[in-house]
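Protein chains in written order, with my numbering: chain A, 14 to 665; chain B, 14 to 665.
Protein chains: 2
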Amino acid sequence: MEELATEKEAEESHRQDSVSLLTFILLLTLTILTIWLFKHRRVRFLHETGLAMIYGLIVGVILRYGTPSTSGRDKPISCSQEDRLFTTLLVNVSGKFFEYTLKGEISPGKIHNVEQNDMLRKVTFDPEVFFNILLPPIIFHAGYSLKKRHFFRNLGSILAYAFLGTAVSCFIIGNLMYGVVKLMKLVGQLSDKFYYTDCLLFGAIISATDPVTVLAIFNELHADVDLYALLFGESVLNDAVAIVLSSSIVAYQPTGENTHAFDAAAFFKSVGVFLGIFSGSFMMGAVTGVVTALVTKFTKLHCFPLLETALFFLMSWSTFLLAEACGFTGVVAVLFCGITQAHYTYNNLSVESRSRTKQLFEVLHFLAENFIFSYMGLALFTFQKHIFSPVFIIGAFIAIFLGRAAHIYPLSFLLNLGRRHKISWNFQHMMMFSGLRGAMAFALAIRDTATYSHQMMFSTTLLIVFFTVWIVGGGTTPMLSWLNIRVGVDPDQDPPPTNDSFQVLQGDGPDSERRNRTQQESAWLFRLWYSFDHNYLKPILTHSGPPLTTTLPSWCGLIARCLTSPQVYDNQEQLREEDSDFILNDGDLTVTYGDTTITANGSSGPHTATTSLDGRRTKSSSEEALERDLGAADHEVTSRGTRLVFPLEDNA
Amino acid sequence: MEELATEKEAEESHRQDSVSLLTFILLLTLTILTIWLFKHRRVRFLHETGLAMIYGLIVGVILRYGTPSTSGRDKPISCSQEDRLFTTLLVNVSGKFFEYTLKGEISPGKIHNVEQNDMLRKVTFDPEVFFNILLPPIIFHAGYSLKKRHFFRNLGSILAYAFLGTAVSCFIIGNLMYGVVKLMKLVGQLSDKFYYTDCLLFGAIISATDPVTVLAIFNELHADVDLYALLFGESVLNDAVAIVLSSSIVAYQPTGENTHAFDAAAFFKSVGVFLGIFSGSFMMGAVTGVVTALVTKFTKLHCFPLLETALFFLMSWSTFLLAEACGFTGVVAVLFCGITQAHYTYNNLSVESRSRTKQLFEVLHFLAENFIFSYMGLALFTFQKHIFSPVFIIGAFIAIFLGRAAHIYPLSFLLNLGRRHKISWNFQHMMMFSGLRGAMAFALAIRDTATYSHQMMFSTTLLIVFFTVWIVGGGTTPMLSWLNIRVGVDPDQDPPPTNDSFQVLQGDGPDSERRNRTQQESAWLFRLWYSFDHNYLKPILTHSGPPLTTTLPSWCGLIARCLTSPQVYDNQEQLREEDSDFILNDGDLTVTYGDTTITANGSSGPHTATTSLDGRRTKSSSEEALERDLGAADHEVTSRGTRLVFPLEDNA
């Protein structure tokens, strides 16, 4: 009888799991259908992520107020005689042994909530799910779909915004929030501890920008490519910075009695942790990317696209696990793995695998992102430990505004001192405006909601995500028009606009002038890296580039011969054509959110390339290759959705 | 301090999780690379699944004997004062509350094993993982990639083998094993209870055949298509039958004192459960398939392939969850959902989505299958409750041999009475030989390993899977040659072999003769269904078929006009061409394991179709459509791997 009851209970629990997962799937299905309707009717004031949140909110309300509050099958208190914590418990129930596993600590005040509502608990995911299952495909996809040409042209500025900017923003928001917390203490609004480190952690969490909505609209309207590159590059890298930054803040553990006072040793240890984790994760991602490139280069795996795709998927995933197993940050490793895979491995894949891998990660990314956003909507009502403090929330909104302003404008000023193509005021305003928060901020905030301060931070983050996604998402098109930012830009042939200081390179001018400009524009560090990459890394890791036998010193002859792909020798005459193929295929990686989902047929790329670039190739130095890379047509496949007739085009 | 220790412990546990997942991923990576090597060198004596098992075995040995036996952080005995079982425990450890969740019962003799080795426990998955995560993509893929033409031509025989055959096999194996158990009791080899229902359950578990290896080799060698259809169809449906059969046997619970005696009421209840679960799951799968077809037909979702693919994926997955939530069998529902999606929804998808969905499920299927097989290898050493009984194992091997013989030969004899194209002796021997066991048997066996009898059954199943996969996998090519089964068959134009009683339809004979034969061949039930499908379902659910306004009675005029796709009216003249497009695209679904991974370019199909079928179309009755469907070219894209020069071709 007892056995039967247990079985029935397990079955019931399994059924409830199915129902809660089904809820999310139906939510996503509904979102997809509405997205289609919006796209079909060209509704642009609400992005799909905003929509997913709204549906999540509605379902959250229904679950919260519509389902009966079941008294849990929990056993509230027992076994208090032990003084050590175990990960597994064996419980003897009338002669039978049952195994229990540790789920986590519950703060004593919340014990009653635990037994409140079974359904609410079922739809509440373990925060680890976000970090280990949902974020990796999103981040990998971001790395894998990086528009390389514009990204590398603005690399210096992007790195500055991502590293310096995020640090500045984190510090400023942290300090402002500490002021708010002090104020709350004075007014008596704070009922529990809130330390300075908590404020800094909040700064790190909320500094991760995620302008997915803005970028989707940019893509749809073909807005300025350099602004797109700056925003996209910043947001991708700043996720990585924010995540490592928050880990280092958590790792800040002063030794003395007062564990929340400043301690120089602990501070420098935290800085060390930041540098260690970041560079370790970076290395880890780059190394697996390189290993995948080598494997796909030296085996003829491309004859079997299924095997190739599976290998690619597994290697990319193993980056994440490897980094986690070594104590680094898997998400950051996956980002750099994605960039490496796009830069090297992608060239070695068969045409079929290229489209397969792109589409696979595109679908995973789409599902994961919409899931996170609808979960956010749901969490507003189903999460059981919300602490909404009006003062803190208002303070936070002001702080993120000031924090973003305090890094965009000064940094842009400093960068403009060194940049040939200045970042105009309009661009700065647009970057300022695009600082909305999304999936990463949410995942970081939900990671630890054990204490009072963390719960308040989580609730505030949720509200910030809602409002920035809705308001900024809806306001992007008017803002673009108001700031006079060019839309309908064809990244291939646009002439440099006369009234804009942000000059675009590919003019119709003669070759020498173009090279000259390219040289001036690129920093020496970037040029150094580029020539190293072009002369050594590309030939070693891919089938393209000059043969190593010509670039390596003669005493490495044997190694050079072994490492150089036979294709390079075979096609040495057509080398330049091939190289440009790869460049174009790289550019082809552009995967978009909007109407312009790019068709998988990469085969049309090379032909266009050969025709358009045919006349220019006269020598094969890395200089010229660099110039080609930077100037080469990005080959944006036109979408099958119609280009919208937009009021902006009258203004332009 | 305590808090820190808990955090450290959680971190350590997370790291170990990563390491164990990483182990599996590296295992799969290794398998993929070796598969490539084998394919590259045309090694055919070992299939990839066999290979995955061998690697699993090796890693299992290393984990078992190579890692130190850590003393677990478990707490062996406590809290024995309670008399009720709870799914959640709250434990008070020095003032802090921790939540524990129930994992399952542990037999008292195994308590010491539990604390044996952390690493071994980490790599041991929850059996639910197999049922809820790994099996669905495998089964869905099987349904989605069904070769429709040959499948439907042999539908009667396939259903007979799958339903009657599995039931017979289950009953015979169950009874033989009961004899073996009796014998073991006599000799004193049995140390615990082993009931008749356990034996029947073993019969059901082990009756699920999985000739993945055989089919892969068939595909590679282009062996006879009808034999392929029989084997594939049987194995796909018999998985569904076996899973429902085992559930009904578990549900067999006599009411009286002696819970393992025969009870007519309980028996009929079990039969009712079987019929209920099977038809319920079937309905569930068909309904979601139909809903997806309607959604994709009546929205213009195909303009956005990403949305379409995501919707398709979610709807197919929701079938599984819906069935589980309703108490049916998700895996079975997913199978029929796959068949419905392939038959209807596939026609509504955009060209891009067709290849996307195929490739997505192909990759998922490939990864899941290889994961299960390598896990099987691992489980032989890491599973901690093995009971190997030589008598039982030998008995089981004899029983599965006899069980398969007792359904293949008599059923084939009976079927041949009604079949126009007899199933020859050679085919029967080949079917007999191909009865190897795989993923489904393993998943069913690992589902419940709580009792002595189930543990013995699990260990035996594992050994049976190993030996059948290795021996049958390696012996398929010699067997084909020995049984004189045609290889290198081109399913499109093969002339009927003169010496074989299994005549193939597509001859060069005149139209009337062909139709005649087709009519004779098809059973009336099938013809009824076909005309219903062609006249009503296809026009309602897809863009093909005759307009409903012509097939429905005139009083349904309004509904007919609403439901008929505008495309049908627009293209009414080109209707037949379009229809044949779809047929060919259906045939194109053939996704293979071997060298012949078919390229995703469905676009070449229609052209061939239009040319090859052009002359024949004169009227559009469902009769002729049926004939076209059955006779139409299957359009097998030739692989890029070379066709092997095989000794068989000398014999033929």
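C-beta: ideal position from N, C-alpha, C; glycine also. Predicted model only: the values in this text are computed from it and were never measured.
Would you please verify whether the beta carbon of residue i is less than 7 Å from any beta carbon of chain B?
i, result
"SER260 of chain A", "no"
"GLU233 of chain A", "no"
"VAL194 of chain A", "no"
"GLN372 of chain A", "yes"
"ILE38 of chain A", "yes"
"GLN516 of chain A", "Residue placement at GLN516 of chain A is flagged as unreliable, the pLDDT there being 38, under the threshold of 50; a coordinate-derived value is accordingly withheld."
"SER387 of chain A", "no"
"ALA278 of chain A", "no"
"SER294 of chain A", "no"
"ALA306 of chain A", "no"
Grouping DSSP H, G and I as helix and E and B as strand, with all else coil, what is residue i?
i, result
"THR555 of chain A", "coil"
"ARG450 of chain B", "strand"
"THR222 of chain B", "strand"
"THR603 of chain B", "Its pLDDT being 35, under 50, THR603 of chain B is placed unreliably in this model, and the value from its coordinates should be taken loosely. Reduced to three states, the DSSP call for THR603 of chain B is coil."
"VAL502 of chain B", "coil"
"PRO566 of chain B", "coil"
"ALA463 of chain B", "coil"
"LYS21 of chain B", "helix"
"ASP205 of chain A", "coil"
"SER437 of chain B", "coil"
"ALA412 of chain B", "helix"
"ARG629 of chain A", "Unreliable positioning characterises ARG629 of chain A in this predicted model, as indicated by a pLDDT of 40, which lies under 50. A coordinate reading is not provided."
Within 7 Å (strictly less), CB to CB, does residue i reach chain A?
i, result
"ALA463 of chain B", "no"
"GLU61 of chain B", "no"
"ILE45 of chain B", "yes"
"PHE379 of chain B", "yes"
"VAL303 of chain B", "no"
"ALA458 of chain B", "no"
"ILE290 of chain B", "no"
"GLY607 of chain B", "Caution applies to GLY607 of chain B, whose pLDDT of 35 falls short of 50 and renders its modelled position unreliable; the model cannot decide the point."
"SER33 of chain B", "no"
"ARG28 of chain B", "yes"
"SER170 of chain B", "no"
"SER158 of chain B", "no"
Just the C-alpha distance for residue i and residue j, rounded to the nearest angstrom, thanks.
i, j, result
"LEU59 of chain A", "ASN361 of chain A", "40 Å"
"SER447 of chain A", "GLY178 of chain A", "14 Å"
"TRP49 of chain B", "VAL308 of chain B", "40 Å"
"ARG574 of chain B", "THR322 of chain B", "28 Å"
"PHE394 of chain A", "ARG77 of chain A", "6 Å"
"LYS282 of chain B", "VAL345 of chain B", "20 Å"
"ASP139 of chain B", "SER494 of chain A", "55 Å"
"GLU39 of chain A", "SER331 of chain B", "Note on residue identity: the sequence assigns Leu, not Glu, to residue 39 of chain A. So the alpha carbons of these two residues sit roughly 8 Å apart."
"MET445 of chain B", "GLY487 of chain B", "15 Å"
"ASP252 of chain A", "THR222 of chain A", "7 Å"
"PHE426 of chain A", "HIS434 of chain A", "12 Å"
"VAL300 of chain B", "ALA336 of chain B", "11 Å"
Within 6 Å: the Cβ of residue i and any heavy atom of the ligand PLP?
i, result
"CYS350 of chain A", "As far as ligands go, the structure on display features none, and thus does not contain the ligand PLP."
Next item on the list: Note down, one range per segment and in chain order, each alpha helix (DSSP H) of at least 4 residues found wholly within the segment 329 to 376 of chain B.
Entry: 343 to 353
Check: So does the segment 378 to 386 of chain B actually touch the segment 448 to 455 of chain B, counting three or more Cβ pairs closer than 8 Å?
Finding: yes
Check: Should the segment 182 to 191 of chain B be regarded as contacting the segment 373 to 380 of chain B, the criterion being three or more beta carbon pairs within less than 8 Å?
Finding: no
Check: Three or more beta-carbon pairs under 8 Å between the segment 245 to 255 of chain A and the segment 157 to 169 of chain A, yes or no?
Finding: yes
Margin query: When you compare the segment 469 to 486 of chain B with the segment 389 to 408 of chain B, are there three or more beta-carbon pairs, one atom per stretch, that lie closer than 8 Å?
Written below: yes
Check: Do three or more CB pairs link the segment 230 to 238 of chain B to the segment 253 to 267 of chain B at distances below 8 Å?
Finding: no
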